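K.L.:
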Amino acid sequence: MTSPQSIKTLKINDIHVSGVEGQTILNVAREHDIEIPTLCNLEGLSPSGSCRLCMVEIKGSPRLLPACVTPIEEGMEISTDSARLLKYRRMIIELLFAERNHICAVCVTNGHCDLQNMAQRLGVDHIRFTYRYPNLPVDASHAQFAVDHNRCILCGRCVRVCDEIEGAHTRDMCCRGIETLIITDLGKPWGTSDTCTSCGKCVNVCPTGALAEKGKSVAEMAKRRAFLPYLVMRREVRK
Ligand code: SF4
Ligand code: SF4
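Numbering of the sequence shown is given in numbering that gives the first Met the number 0, commencing with residue 0 and proceeding in unit increments.
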């Protein structure tokens, strides 16, 4: 006999909320219409805690913790929208813009980009850090899609959807730190991949213009993500 899941009660932004043991702070916040910003997180994919935008303050903890991978505990008192958090979130967005070449005016996802939207939402109107202007490649060897590393924020959504939903595991990350890049298979041109099914799931979950369909012009590449909750729901039904 399975034991009943235990209910936890806690406070988020001074609002009394409850959740089930094992749920994350982000899950519980969303269930109660409390918005916490994220870029790497996408419902239907496993959480990775990589973008750090969802960091929250927890009373009694000296450290900020990522809401997407931190399980709720009884009596927690969480703040999701303090001035300190806003300061760090803005800084994260600025660092992402400074790290690669995000020229929105000539990007296929201009107007449909999660990074651009997040910058607007957090009031980031200038970048205080020196732009790196790295010299990064574009791989347009696939018949339908292209990857532009200049726009990649290394959120890992494409890696997770390809592995967890499509089951191909064509994508992964290579190298470390500032040298990190997403790769196809073991670093082959995308068009020569033996494992890619050309499903396009990675393109559609990508938050920026890093993955796009060929033939799209500036601002034409809107992402279609309705397949993700649908596929996840169908899997739950079949269990
Ligand atoms: S098109 Fe599909 S199979 Fe190919 S890399 Fe993207 S998610 Fe993986
Ligand atoms: S290509 Fe897109 S989805 Fe993949 S890591 Fe880069 S930004 Fe994220």
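Built from N, CA and C at the ideal position, the CB exists for glycine as well. Just so you know, these numbers come straight off a predicted model, no measurement behind them.
Along the chain, where does the alpha helix (DSSP H) that runs through L84 open and close?
P.N.:
82–98
K.L.:
Return the Cβ separation of T207 and D113 in integer angstroms, given the expectation that the two are a contact with Cβ distance under 8 Å.
P.N.:
7 Å
K.L.:
Can you check the stretch 157–233 for any beta strand (DSSP E) of at least 3 residues that lies completely inside it and give the ranges in chain order?
P.N.:
DSSP runs (the beta strand (DSSP E)) wholly in the stretch 157–233: 170–173, 180–183, 210–212.
K.L.:
Hey, N109 and V217 are a contact pair by Cβ (cut 8 Å); roughly how many whole angstroms apart?
P.N.:
6 Å
K.L.:
Between V217 and ligand 1, is there a pair consisting of the residue's CB and a ligand heavy atom that are separated by less than 7 Å?
P.N.:
No, Cβ of V217 sits at least 7 Å from all heavy atoms of ligand 1.
K.L.:
Tell me which residues share the same chain as L44 and place their Cβ nearer than 8 Å to its Cβ, disregarding the 5 neighbours each side in the sequence.
P.N.:
Here the set comprises R156, R159, V160, E163, I164, V204, L227.
K.L.:
Considering Cα atoms alone, identify which of A211, A97, E93 is closest to D147.
P.N.:
A211
K.L.:
Per the DSSP calculation, A145 is bridged to which residue(s)?
P.N.:
A211
K.L.:
For L9, which beta-bridge partners are listed by DSSP?
P.N.:
V16
K.L.:
State the Cα-Cα distance for the pair E93 and I181, rounded to the nearest angstrom.
P.N.:
21 Å
K.L.:
Determine the DSSP secondary structure at M117, reduced to helix, strand or coil.
P.N.:
helix
K.L.:
Hey, could you find the ends of the alpha helix (DSSP H) E296 is sitting in?
P.N.:
Limits of the chain in this structure are 0 at one end and 238 at the other, which puts residue 296 out of reach.
K.L.:
Leaving out five residues before and five after V68 in sequence, what residues of the same chain have Cβ atoms less than 6 Å from its Cβ?
P.N.:
Its chain contains P46, G48 as the residues whose beta carbon lies nearer than 6 Å to that of V68, once the 5 sequence neighbours on both sides are disregarded; these appear in chain order.
K.L.:
Within the continuous beta strand (DSSP E) that includes V55, where are the two ends?
P.N.:
54–57
K.L.:
According to DSSP, is V105 part of a helix, a strand, or is it coil?
P.N.:
helix
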